[in-house]
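Engineer:
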Amino acid sequence: GESVGLHLPTLSVQEGDNSIINCAYSNSASDYFIWYKQESGKGPQFIIDIRSNMDKRQGQRVTVLLNKTVKHLSLQIAATQPGDSAVYFCAEKVQNAGGTSYGKLTFGQGTILTVHP
Amino acid sequence: DVKVTQSSRYLVKRTGEKVFLECVQDMDHENMFWYRQDPGLGLRLIYFSYDVKMKEKGDIPEGYSVSREKKERFSLILESASTNQTSMYLCASRYRPASGANVLTFGAGSRLTVL
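Top to bottom, those sequences are chains A and B.
Take the first sequence: its position 91, counting from 1, is numbered 91 in my numbering, and each next residue is one higher.
Take the second sequence: its position 78, counting from 1, is numbered 195 in my numbering, and each next residue is one higher.
(1) What residue does the beta strand (DSSP E) around A/Ala91 start on, and which one ends it?
(2) Taking Cβ positions only, does B/Val220 come closer than 8 Å to chain A?
(3) So, do the region 192-206 of chain B and the region 147-161 of chain B have three or more beta carbon pairs nearer to each other than 8 Å?
(4) Under the three-state reduction of DSSP, which class applies to A/Gly59: helix, strand or coil?
(5) Quick one: what's got a C-beta closer than 6 Å to A/Thr10's C-beta in the same chain, skipping five residues either side?
(6) Do A/Gly43 and B/Gly226 have their C-beta atoms within less than 8 Å of each other?
(7) Could you tell me which chain A residues have their CB closer than 8 Å to the CB of B/Ala225, listed as they occur along the chain?
(8) Provide the residue(s) that pair with B/Met205 in DSSP beta bridges, ordered along the chain.
(9) Looking at the secondary structure, which residues open and close the beta strand (DSSP E) in which A/Asn143 lies?
(10) Any chance the region 81-90 of chain A sits against the region 123-138 of chain B, with 3 or more Cβ pairs inside 8 Å?
(11) Go ahead and pull the three-state DSSP assignment for A/Thr80.
Now the structure itself:
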């Protein structure tokens, strides 16, 4: 099964509200997580990442929170805009048995964010 | 900016046909990946390549093969297309900035329909 998953498949918000997208992961050994945004007709684009030695990381209007105790990750978008409407994926880095990853990521199912004007 | 280009945005093929999906990146990245994207399943890794002529299976390699003869080009091959391979295929290249982040840059995708 999926080692990374999302609690809600869809989220609708009003323009200007804050959005929170949640993600659960099952591998307690995961040490790196990343959020992607995918707009219609495009490939996923990097938003923000976080290492397991951090609880929080902020970008421009986005914040990622990591709770290792309950293996939960969230993406917060401040003052959500119509241009934020997209599918959001969380992903975790996959480690091979030898400790290498070559950059492989395991993705969650995705959450559709719709922002209403 | 890194550019990952997938040559075909839309393809329609018949069952049993051989299909080639091409991907080119312009930043001399060593690692390249092929994912397929299906609704409700997210992105699943088919194959990846960590160097020229080097490849490893991902989570769902059955029915697929890959070729990496040059560093910039990574091809996904469906030897005999089947209807359950109808999907969106995404190619990615690995970018490692000075911060040590592990960022994959994706192409726009190739939507394959197998009839």
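Backbone N, C-alpha and C define an ideal beta-carbon position, used for all residues, glycine too.
Computed from a predicted structure; not experimentally measured.
Structural biologist: Well, looking at it:
(1) The residue you call residue 91 of chain A lines up with position 91 of the first sequence. Unbroken beta strand (DSSP E) run through A/Ala91: Ala86 to Lys93.
(2) As a first step, residue 220 of chain B is located in the second sequence; it is residue number 103 there, counting from the start. Answer yes: the Cβ-Cβ gap between B/Val220 and chain A drops below 8 Å somewhere.
(3) yes
(4) Residue 59 of chain A sits at position 59 when you count from the first residue of the first sequence. In this structure, A/Gly59 counts as coil in the three-state DSSP scheme.
(5) For the purposes of this step, residue 10 of chain A is taken as the residue at position 10 of the first sequence. Taking C-beta separations shorter than 6 Å and ignoring five residues to either side along the sequence, the partners of A/Thr10 in its chain run Ile112, following chain order.
(6) Translated into positions along the first sequence, residue 43 of chain A becomes position 43. Translated into positions along the second sequence, residue 226 of chain B becomes position 109. Yes, Cβ-Cβ distance for A/Gly43 and B/Gly226 is below 8 Å.
(7) As a working note, residue 225 of chain B is residue 108 in the second sequence. Here the neighbours are Gly41, Lys42 and Gly43.
(8) Stepping through the second sequence from its first residue, residue 205 of chain B is reached at position 88. B/Met205 pairs with B/Gln154 and B/Arg228.
(9) Examination of residue 143 of chain A is not possible in this model, given that chain A is present from 1 through 117 alone.
(10) no
(11) In the first sequence, the residue the question calls residue 80 of chain A occupies position 80. Reduced to three states, the DSSP call for A/Thr80 is coil.
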